[in-house]
Amino acid sequence: MSLSRIFGLTLVEIIGDTGAKHFANQGGLFNLGMGVGGYIGIFIMLVYSLQGSTLLVVNNAWDGLSSLFESLFAFFVLGERLQHTYQYLGIVFIIGGLLLLKMPVFSKNEFKWPTL
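For the sequence shown, the working numbering begins at 1184 and goes up steadily by one.
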């Protein structure tokens, strides 16, 4: 597991979540495809991230980065805002938690797709 793998997982999740949000509010085959495709990508990236690591570390890193990057995406791209100032403080705590996980930037393990 590495920061780059979790970052990739988070980017794929943003794509899936954005497609799901647009499909929920506007419908459309493209939005449905983007949402479903994103979540298929999440599974692939999760398998990739779990190799050579533990579920505990991968899940916490993913949750933290996902929350941080999806919050930034929603704020800057979608124009969404939180209702209370202290909610932004929660994002600061997420950043602190990610720093405490001490993830390497790149993984030294080569990815191999598991056999069935």
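Don't be surprised by glycine CBs; every beta carbon is placed ideally from N, CA and C.
Measuring alpha carbon to alpha carbon, tell me which of the options ends up nearest residue i.
| i | options | result |
| --- | --- | --- |
| H1205 | I1223, V1219, K1291, L1192 | V1219 |
| A1257 | D1246, N1292, I1197 | I1197 |
| L1283 | L1265, S1187, G1224, G1247 | G1247 |
| S1249 | L1192, S1185, S1187 | L1192 |
Please classify residue i as buried or exposed, where buried requires at least 16 neighbouring CB atoms within 10 angstroms.
| i | result |
| --- | --- |
| T1201 | buried |
| A1244 | buried |
| V1241 | buried |
| V1195 | buried |
| G1273 | exposed |
| I1225 | buried |
| G1199 | buried |
Please check the pair residue i and residue j, which I expect to be a contact at CB under 8 Å, by giving their CB distance rounded to whole angstroms.
| i | j | result |
| --- | --- | --- |
| G1216 | S1290 | That belief does not hold up - the Cβ atoms of G1216 and S1290 are roughly 30 Å apart, past 8 Å. |
| S1254 | I1189 | Wrong, their Cβ atoms sit about 16 Å apart, outside the cutoff. |
| S1185 | V1260 | Contact flag wrong, Cβ pair sits at about 26 Å. |
The ligand MN and residue i: does the residue's C-beta get closer than 7 Å to at least one heavy atom of that ligand?
| i | result |
| --- | --- |
| L1215 | The ligand content of the structure shown is nil, which means the ligand MN is not present either. |
What are the complete alpha helix (DSSP H) segments, minimum 4 residues, inside the segment 1210-1244? 1212-1233
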